[in-house]
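Visitor: Residue numbers (our numbering), protein chains in the order written: chain P, 65 to 444; chain A, 65 to 444.
Don't be surprised by glycine CBs; every beta carbon is placed ideally from N, CA and C.
Just dropping this structure here.
Number of protein chains: 2
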Amino acid sequence: MFELLKTDAHTKARLGRLTTAHGVIDTPTFMPVGTQGTVKALDPRELREMGTQIILGNTYHLNLRPGLDIIRAAGGLHQFINWPAPILTDSGGFQVFSLAKIRKIKPHGVEFRSHLDGSLLFLGPKEAMEIQRALGSDIAMVFDDCPPHTSTPREVRAAVERTIHWARECREQPRAPGQLVFGIVQGGSDAALREECAKAIVPMQFDGYAIGGVSVGEPESEMMKAVELAEPFLPADQPRYAMGLGTPAQLVEMVARGVDMFDCVLPTRVARNGTAFTRKGTVIIKAGFNKADFRPMEENCDCFACRHFTRAYLRHLLNVNEILGIRMLSVHNSHLFLKVMADVRTALAAGNFPEFRREFVANYVPSRKVLSTRKKETER
Amino acid sequence: MFELLKTDAHTKARLGRLTTAHGVIDTPTFMPVGTQGTVKALDPRELREMGTQIILGNTYHLNLRPGLDIIRAAGGLHQFINWPAPILTDSGGFQVFSLAKIRKIKPHGVEFRSHLDGSLLFLGPKEAMEIQRALGSDIAMVFDDCPPHTSTPREVRAAVERTIHWARECREQPRAPGQLVFGIVQGGSDAALREECAKAIVPMQFDGYAIGGVSVGEPESEMMKAVELAEPFLPADQPRYAMGLGTPAQLVEMVARGVDMFDCVLPTRVARNGTAFTRKGTVIIKAGFNKADFRPMEENCDCFACRHFTRAYLRHLLNVNEILGIRMLSVHNSHLFLKVMADVRTALAAGNFPEFRREFVANYVPSRKVLSTRKKETER
Numbered sequence: 065m066f067e068l069l070k071t072d073a074h075t076k077a078r079l080g081r082l083t084t085a086h087g088v089i090d091t092p093t094f095m096p097v098g099t100q101g102t103v104k105a106l107d108p109r110e111l112r113e114m115g116t117q118i119i120l121g122n123t124y125h126l127n128l129r130p131g132l133d134i135i136r137a138a139g140g141l142h143q144f145i146n147w148p149a150p151i152l153t154d155s156g157g158f159q160v161f162s163l164a165k166i167r168k169i170k171p172h173g174v175e176f177r178s179h180l181d182g183s184l185l186f187l188g189p190k191e192a193m194e195i196q197r198a199l200g201s202d203i204a205m206v207f208d209d210c211p212p213h214t215s216t217p218r219e220v221r222a223a224v225e226r227t228i229h230w231a232r233e234c235r236e237q238p239r240a241p242g243q244l245v246f247g248i249v250q251g252g253s254d255a256a257l258r259e260e261c262a263k264a265i266v267p268m269q270f271d272g273y274a275i276g277g278v279s280v281g282e283p284e285s286e287m288m289k290a291v292e293l294a295e296p297f298l299p300a301d302q303p304r305y306a307m308g309l310g311t312p313a314q315l316v317e318m319v320a321r322g323v324d325m326f327d328c329v330l331p332t333r334v335a336r337n338g339t340a341f342t343r344k345g346t347v348i349i350k351a352g353f354n355k356a357d358f359r360p361m362e363e364n365c366d367c368f369a370c371r372h373f374t375r376a377y378l379r380h381l382l383n384v385n386e387i388l389g390i391r392m393l394s395v396h397n398s399h400l401f402l403k404v405m406a407d408v409r410t411a412l413a414a415g416n417f418p419e420f421r422r423e424f425v426a427n428y429v430p431s432r433k434v435l436s437t438r439k440k441e442t443e444r
Numbered sequence: 065m066f067e068l069l070k071t072d073a074h075t076k077a078r079l080g081r082l083t084t085a086h087g088v089i090d091t092p093t094f095m096p097v098g099t100q101g102t103v104k105a106l107d108p109r110e111l112r113e114m115g116t117q118i119i120l121g122n123t124y125h126l127n128l129r130p131g132l133d134i135i136r137a138a139g140g141l142h143q144f145i146n147w148p149a150p151i152l153t154d155s156g157g158f159q160v161f162s163l164a165k166i167r168k169i170k171p172h173g174v175e176f177r178s179h180l181d182g183s184l185l186f187l188g189p190k191e192a193m194e195i196q197r198a199l200g201s202d203i204a205m206v207f208d209d210c211p212p213h214t215s216t217p218r219e220v221r222a223a224v225e226r227t228i229h230w231a232r233e234c235r236e237q238p239r240a241p242g243q244l245v246f247g248i249v250q251g252g253s254d255a256a257l258r259e260e261c262a263k264a265i266v267p268m269q270f271d272g273y274a275i276g277g278v279s280v281g282e283p284e285s286e287m288m289k290a291v292e293l294a295e296p297f298l299p300a301d302q303p304r305y306a307m308g309l310g311t312p313a314q315l316v317e318m319v320a321r322g323v324d325m326f327d328c329v330l331p332t333r334v335a336r337n338g339t340a341f342t343r344k345g346t347v348i349i350k351a352g353f354n355k356a357d358f359r360p361m362e363e364n365c366d367c368f369a370c371r372h373f374t375r376a377y378l379r380h381l382l383n384v385n386e387i388l389g390i391r392m393l394s395v396h397n398s399h400l401f402l403k404v405m406a407d408v409r410t411a412l413a414a415g416n417f418p419e420f421r422r423e424f425v426a427n428y429v430p431s432r433k434v435l436s437t438r439k440k441e442t443e444r
């Protein structure tokens, strides 16, 4: 299922290949996020053209709209959205804890009110696995308890215990044919809890392991630490997935720490705000300084947007609220994340990942948001 | 410049070919509208794939944003928007009379306040031609006075006189290299005024003639009448363009009345409202009755949207406000308008246009809006 092709001699970076029911994924890989059954603003052809091998679907959202009956009638999520390649579905746990305003944690899951119409719903290990079985995703995630960054040590411990308990329940549920299931390690930035959680989850023998509870508002250093604390306890011959992050430079750093899989809404979300990712950091394409700049968003980029359009034109489109502007920034940003991972794989194959990493991170100007978390760290 | 290839034996329908600086246009033709430098939600590749030979650009809007300096610096509109095929630009007259709230008609144009920021602007024959020269469109339109449907006979007469006067001024302005200029015939539904206007405009020797003042809120019968009144006075060996209309069935009827060129915002506007055009009329794709309908929007349609997606999926996308829904309905609707014109040309070439027309119009269920205008007519 997972072939570990090569491990970097100087870092923990790994080159691999993951085989699923709907196709092969070269790792390290970036997975564009298709929350509601579409990667926002993009169509499947565009996704394939930029090298997408796997996308994400969202259990919580798809269960609310269009609902399981519709997706079942369509013959599963791949058929419904016409994406014949691999799909990973999250368990809905993250949304239950972040979106639903009113919730009550019970032994076998969470009772909560829909963020859409307030209707009373229940999601737990059994339900999450049943929904993911109906969706027919290639990789299903266990239902976990993902506490916010601001949680007390006591709350983090409770979340770890629930995550372990629920993982065991998930493990016992039936799966869709060929469906892989990944366990999730929680534990915040507490070394003992990360170890404890990993040591409880790994013996359950999942097909891969995710590091959860990252990218939940914590400083960058804590995000890195969480991964460093969990990674040593994950089996080398199985894929590792760091959930919901990050910037291109953070992804490269995570690869160096032994992570194989990533997903993030940043490429499309930042696009909708009129900002492009580049290998040198972000550029506000919507800004007035681009109005007569006839270069592409990024020099030497071979994405559809950079091959066809200038910053000046894209700036105009964003300025007058034309959908094509958002579309083309979504194309470019998603392409960049995928291309960086492709470059990482090339570097790993060639044996020069440490040089690639050093150069990439040195060239990448972090956003003010990331810098502010670094500053806070230093001040402590 | 314009080759009249064939005239139908039983109707006034014509098969033709119009050669412009950026390419050839087969007529009858439909021109997707790119108001602000983009056909809403579509990219140039999608436009070419659906058979688009010419698109529209908008003098009023492009002059406000991004402004002429930017488009000049880009090397013209084709370069700025990366559309290497023909472009027709309107003169801005229609927008000055429909969008600008405060305006003062003067001998050489109209003083008005921008609908965006209220700044004082002036647009007349000289300015409109100068802007269109800078845009570098293949076909420029003269600056006319397009009165609303509710105008008094006296106002329509004044508009005709101004239109004639301004057309003469436009005729004297310099053009971009190879740029064609079309005259516009106004006159509402007044036979004498339509004749008078046409007889004044045609001797000015434009490269083609548009019938203006249609699709300005009048009943369908008056729209047809306006075209019927103007057409006999237009030279047979030059292209005729009915501005800003209509439904697919209306276009076929207009072809039968001797019109060669059409533009309309309906395909993309209606798409944004969640409705699809089909050969049998419109279908509200966003409606709940489509939620488990796994057929394409239109059977046997070979557009990108119908080849890839079901009504159920598109309904879901529209329901959760995903851009891909609007995109795919814009693709389908624009494709349909272009395909109907392609079918019209095939029928004309085969000599069976009257049968095509009869069948098409019989199958096409008019919208309630169109039906209501027909009803009013009957009640008079």
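Please list, in chain order, the chain A residues whose beta carbon lies closer than 9 angstroms to that of residue 129/P.
Guide: 380, 383 and 384
Visitor: Do you know offhand how far residue 243/A's Cα is from residue 70/A's?
Guide: 25 angstroms
Visitor: Residue range of the beta strand (DSSP E) that residue 71/A falls in?
Guide: That run of the beta strand (DSSP E) goes 66 to 71.
Visitor: Hey, out of 114/P, 118/P and 379/P, whose CA is closest to residue 365/P's CA?
Guide: 114/P
Visitor: Counting only Cβ pairs nearer than 9 angstroms, list the residues of chain A close to residue 447/P.
Guide: Here chain P has residues from 65 to 444 only, and residue 447/P is not among them.
Visitor: Just to make sure I have the definition right: I need the residues of chain A whose C-beta is within less than 9 angstroms of the C-beta of residue 146/P. Which are they?
Guide: 372, 373, 374 and 377
Visitor: Name the one or two DSSP bridge partners that residue 274/A has.
Guide: 248/A and 305/A
Visitor: Per DSSP, what are the beta-bridge partners of residue 175/P in this structure?
Guide: 168/P and 186/P
Visitor: Can you give the Cα-Cα distance for residue 479/P and residue 370/P, rounded to whole angstroms?
Guide: The question about residue 479/P has no answer, for chain P in this structure spans 65 to 444.
Visitor: Here's a check: name, in chain order, each residue in its chain whose Cβ is nearer than 6 angstroms to the Cβ of residue 417/A, leaving out the five neighbours to either side.
Guide: Contacts found: 72, 77 and 411.
Visitor: With a CB to CB cut of under 7 angstroms and the five nearest residues on each side skipped, what residues in its chain are close to residue 499/P?
Guide: Because chain P in this structure spans residues 65 to 444, residue 499/P falls outside the shown range and cannot be described.
Visitor: Looking at C-alpha atoms only, which residue of 161/A, 170/A, 189/A and 190/A is the closest neighbour of residue 178/A?
Guide: 161/A
Visitor: In whole angstroms, give me the CA-to-CA distance for residue 195/A and residue 119/A.
Guide: 17 angstroms
Visitor: Looking at the structure shown, is residue 352/A part of a helix, part of a strand, or coil, going by DSSP?
Guide: Helix.
Visitor: Looking at chain A, is there any beta carbon in it that lies within less than 8 angstroms of the beta carbon of residue 107/P?
Guide: yes
Visitor: Mind checking which residues open and close the beta strand (DSSP E) that includes residue 180/P?
Guide: Segment: none, residue 180/P is in no beta strand (DSSP E) and carries neither H nor E.
Visitor: Would you mind giving the Cβ-Cβ distance between residue 344/P and residue 379/P, rounded to the nearest angstrom? I have them listed as a contact below 8 angstroms.
Guide: Not really, about 18 angstroms apart at Cβ, beyond 8 angstroms.
Visitor: Name, going along the chain, the residues of the stretch 92 to 104 of chain P whose beta-carbon falls closer than 7 angstroms to a beta-carbon of chain A.
Guide: Residues of the stretch 92 to 104 of chain P whose Cβ lies closer than 7 angstroms to any Cβ of chain A, in chain order: 100, 101, 102 and 104.
Visitor: Run through the stretch 196 to 240 of chain P for me and flag every whole beta strand (DSSP E) of 3 or more residues, listed as ranges in chain order.
Guide: 203 to 205
Visitor: Within 8 angstroms of any Cβ in chain C, is that where the Cβ of residue 134/A sits?
Guide: Of the chains in the structure shown, none is chain C; the protein chains are P and A.
Visitor: Which residue comes first and which comes last in the beta strand (DSSP E) that contains residue 325/P?
Guide: Its beta strand (DSSP E) spans residues 325 to 328.
Visitor: How many whole angstroms separate the CB atoms of residue 303/P and residue 91/P, which I take to be in contact at a CB cut-off of 8 angstroms?
Guide: 6 angstroms
Visitor: Interface residues of chain P around residue 355/A at Cβ under 7 angstroms?
Guide: 130 and 134
Visitor: What number of angstroms, rounded off, separates the C-alpha of residue 377/A from the C-alpha of residue 117/P?
Guide: Straight-line Cα distance between these residues: approximately 21 angstroms.
Visitor: Could you spell out the range, first to last residue, of the alpha helix (DSSP H) harbouring residue 297/A?
Guide: Taken as a continuous stretch (DSSP letters only), residue 297/A belongs to no alpha helix (DSSP H), as it is neither H nor E.
Visitor: Residue 391/A CB to nearest chain P CB: under 8 angstroms?
Guide: yes
Visitor: With which residues is residue 149/A paired in a DSSP beta bridge?
Guide: Residue 149/A is not bridged to any residue.
Visitor: Taking residue 368/P as part of the alpha helix (DSSP H), name the residues at either end of that continuous run.
Guide: 368 to 372
Visitor: Would you kindly work out how many angstroms separate the C-alpha atoms of residue 429/A and residue 374/A, rounded to a whole number?
Guide: 22 angstroms
Visitor: Do we get a CB-CB distance below 8 angstroms when we pair residue 228/A with the residues of chain P?
Guide: no
Visitor: I need the boundaries of the beta strand (DSSP E) containing residue 96/P, first residue and last residue.
Guide: 93 to 98
Visitor: Would the stretch 387 to 404 of chain A and the stretch 123 to 139 of chain A be scored as touching if the rule is three or more Cβ pairs under 8 angstroms?
Guide: no
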